[in-house]
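> Chains E and H, in that order, give the protein sequences.
Position 158 of the first sequence, counted from 1, bears residue number 158 in my numbering, the numbering being contiguous throughout.
Converting from the second sequence to my numbering requires adding 210 to each position, the first position being numbered 1.
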Amino acid sequence: MVIDLTRCAGCYACQLACKAEHFLPAGIFWGRVLVGEVGTYPTVRKVNLPVLCNHCKEAACVDACPTGATQRREDGLVWIDYDKCMGCRYCLIACPYQARTFYSDDKRAYEPGQPFTPLEEIGHKLYQPNTVVKCDFCRERIDAGVARGLKPGIDWDATPACVNACYTKARTFGDLDDPSSEINRLIREKKGFQLHPEHGTDPSVYYLQY
Amino acid sequence: MAQQIATQPFEWMVKHTRQTEWIEKWGTFLWLALFWGIGAGVYLIGVFFDSLAAMFVGWLILFVGKGGFHMLFIAKNMRFMRAMNVFLTPRTFKTSWISRGLFFIMLFGVFGAAGLAVRYWAPDSGAALPLEIIAGIFAFAAALYTGFVLSFVRGIPFWNNSLLPVIYVLSSLEGGAAIGVAMGAYSNVGIDAVALEEALRVMLTVFAFMLGVYLWNARYGGSTSKLSVTALTRGPAAFSLPFWLGLVVLGIVVPMVLAWTPVSEELSPPVIILATVCSFISGLSLRYSLLKSGFYKPLIPLT
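#1: Taking 8 Å as the threshold (beta carbon to beta carbon), is A26 of chain E in contact with chain H?
#2: Using the three-state DSSP reduction, which class does L52 of chain E fall into: helix, strand or coil?
#3: What residues in the region 303-318 of chain H bring their beta carbon closer than 7 Å to a beta carbon of chain E?
#4: Do you know how far the Cα of F283 of chain H is from the Cα of C88 of chain E?
#5: Touch check for the region 246-258 of chain H and the region 464-474 of chain H: three-plus C-beta pairs under 8 Å?
#6: Which stretch, first to last residue, makes up the alpha helix (DSSP H) that contains D143 of chain E?
#7: Ignore the nearest five residues each way along the sequence and tell me which others in A250 of chain H's own chain have a CB closer than 6 Å to its CB.
#8: Under 8 Å, Cβ to Cβ, is there at least one residue of chain E near W246 of chain H?
#9: Just the Cα atoms here: how many angstroms apart are L312 of chain H and A165 of chain E?
#10: Against chain H, which members of the region 37-50 of chain E pass a CB distance test of less than 9 Å?
#11: Quick one: what does DSSP say H196 of chain E is sitting in, helix, strand or coil?
#12: Beta carbons nearer than 7 Å to chain E: which residues of the region 277-298 of chain H have them?
#13: Mind reading off the beta-carbon distance from C135 of chain E to C14 of chain E? Whole number of angstroms is fine, and I expect it under 8 Å.
#14: Whose Cβ in chain C lies nearer than 9 Å to the Cβ of L176 of chain E?
#15: Can you tell me the Cβ-Cβ gap for I377 of chain H and G400 of chain H, rounded? I've got them flagged as a contact below 8 Å.
#16: Within 8 Å (strictly less), CB to CB, does T67 of chain E reach chain H?
#17: DSSP three-state label for T168 of chain E, please.
#18: Could you name the residues of chain E that R301 of chain H contacts, counting a contact when the two beta carbons are closer than 8 Å?
#19: Is G385 of chain H helix, strand or coil when you go by DSSP?
#20: Apply the 10 Å Cβ neighbour rule to A447 of chain H and answer buried if 16 or more other Cβ atoms are within range, or exposed otherwise.
#21: Need the endpoints of the alpha helix (DSSP H) that G268 of chain H sits in, please.
#22: Quick one: is H22 of chain E near chain H, going by C-beta distance under 8 Å?
#23: Determine which residues share a DSSP beta bridge with Q71 of chain E and list them.
#24: Using 8 Å as the cut-off, can you tell me whether the region 403-417 of chain H makes contact with the region 498-508 of chain H, which would need three or more C-beta pairs spanning the two stretches below that distance?
#25: If we call anything under 8 Å between Cβ atoms a contact, is A109 of chain E one with A64 of chain E?
#26: Going by alpha carbons, who is nearest to N295 of chain H out of E:E74, E:T70, E:W79, E:L77?
#27: Flag K84 of chain E as yes if its beta-carbon sits less than 8 Å from any beta-carbon of chain H, otherwise no.
#28: Below 8 Å on C-beta distance, what does H199 of chain E contact in chain H?
#29: Candidates H:L254, H:F266, H:Y355, H:L262: which alpha carbon is nearest F303 of chain H's?
#30: Can you look up R444 of chain H in the DSSP assignment and give me helix, strand or coil?
#31: Have a look at F12 of chain E and E21 of chain E and give me their C-alpha separation to the nearest angstrom.
#32: Using a Cβ cut-off of 7 Å, pull out every chain E residue sitting near Q511 of chain H, in sequence order please.
#33: Note down the Cα distance separating D4 of chain E from S361 of chain H, rounded to an integer number of angstroms.
#34: With 8 Å set as the bound, which would you pick, yes or no: does the beta-carbon of T434 of chain H sit closer than that to a beta-carbon of chain E?
#35: For E120 of chain E, collect the residues of the same chain with a Cβ closer than 8 Å to its Cβ; drop the 5 residues on either side in sequence, then sort them by chain order.
#36: Considering just the uninterrupted stretch of the alpha helix (DSSP H) at R7 of chain E, what are its terminal residues?
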């Protein structure tokens, strides 16, 4: 994935689309938009930084997981098998980007004191309390789309929800292994960079200069 | 310092963000689990002095105590049963320090129990010593791996330091020696308390030196690592009190002063009790301070 920071308006549509797509329980965010400042006076600038799991090629979380619950697929997606996760949170600690969340409070409702909404009910069936959860690049959408002959990043039904929701087209999704793909072109031409490459994790999410 | 630390939700990973999962709420159990690594020291001292009682106490502390607190940490909803997946997926042994640690503790538990059983029921068979030596190797590995669990975390520069495993081993040995001295002084369990007390002085000195080197090294290991050291040395009481009072004063200064008293006085009951309590507080404070001051590097600025 490539995220163009000059295009991000900080509208949080990606964050909300992710919550809706995955029925995420209260307090859980797979994608976030961080808002900070860069530079020093008088050249201070505000920056919106959308963050999500980087699906690193050398993922620290995959190496850290003692039960094999966190896995990396052949196409590069890093996902969690909730049935194997024992909740030790080593993956969460090991992730330098803090892209993971420990889902523990399964009693918490969006409206305190009110029964769960239908959306919350589905979320509580999907996720197991006391396991770690994180962005999976909407792998169900991608798998279903690819099975129908669609192309991720081009066809809506095979593209992550956050990419579809971005009205400024700040996000581009595609195949990093394909040198002719749109994301590789953007990374080449606009000097895409990864977050904290010094950690040696080789993230699959690139950012374009702000 | 306070301006650099994320205290509000909107500052999460925009400023230096502290890890909380392994020290707050249920994370307290993990802190205690790391502390009971001192059982490795007790067991090794038991093997060295050929003391069945010390080996048994060490086995109990390390296998039942440390293992038990680890299980409590993940005990919610019987999730700890999934720890068995570690043994079903041995490939994780190649990369995961928790996986390795579980193997070490389990193998220590098995070999240690076998060694104790043989030593107790068939002391003349000659089979006990090899089992105890194998168990001792796994006990040492169990003391060592917790340091590697933390030093593997590249996102927390304060932990990502090759000296951390050494600190953990020294702390385990020192804590184990303090228990060994108490056992040797109070009961006839085959431990030479005077000799061990002299060895404890050396361990304490080496531990204090290595801790100083570690903190000095971390102080110049980048801004995030420096922040962790600053939090411990000059930060709010939640950081600095366990460090200064628990680790430095009660863990190093008081035992050092006791070490200079004559051996006959040093092995008097009140001093032994004080030294053992100080050693416990030192071990707890060390692990608390390390876990509490683990900060992640912020994601903004982007470099």
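Note that beta-carbon positions come from the ideal geometry of N, C-alpha and C, so glycine has one too.
Checking against the coordinates, here is how it stands:
#1: no
#2: coil
#3: T305, S306, I308, S309, L312
#4: 8 Å
#5: no
#6: 139-147
#7: L272, A349, A352, A353, S382
#8: no
#9: 44 Å
#10: E37, V38, G39, V47, L49
#11: coil
#12: I284, K286, N287, R289, F290, R292, A293, N295, V296
#13: 11 Å between Cβ atoms; not a contact.
#14: The displayed structure is made up of protein chains E and H, and chain C is not among them.
#15: Between G400 of chain H and I377 of chain H the Cβ distance is about 30 Å, and since that is not below 8 Å, they are no contact.
#16: Yes - at least one Cβ of chain H is within 8 Å of the one on T67 of chain E.
#17: DSSP places T168 of chain E in coil when its eight states are reduced to three.
#18: Using a Cβ-Cβ cut-off of 8 Å, R301 of chain H is close to G68 of chain E, given in chain order.
#19: G385 of chain H falls in the helix class under three-state DSSP.
#20: exposed
#21: Residue range 262-269 is occupied by the alpha helix (DSSP H) that includes G268 of chain H.
#22: no
#23: E:W79
#24: no
#25: no
#26: For N295 of chain H, the closest of E:E74, E:T70, E:W79, E:L77 by C-alpha to C-alpha distance is E:T70.
#27: Chain H contact via Cβ: present.
#28: Listed along the chain, the chain H residues whose CB falls inside 8 Å of the CB of H199 of chain E are R364, G365.
#29: H:Y355
#30: helix
#31: Reading off the sequence shown, one finds Tyr at residue 12 of chain E, where the question assumed Phe. Each residue's Cα considered, the two are about 14 Å apart.
#32: The sequence as given places Pro at residue 511 of chain H; Gln does not occur at that position. Residues of chain E passing the Cβ test: V38.
#33: 34 Å
#34: no
#35: Answer for E120 of chain E: F23, P25, A26, A109, Y110, listed in chain order.
#36: No alpha helix (DSSP H) contains R7 of chain E, which DSSP labels as neither H nor E.
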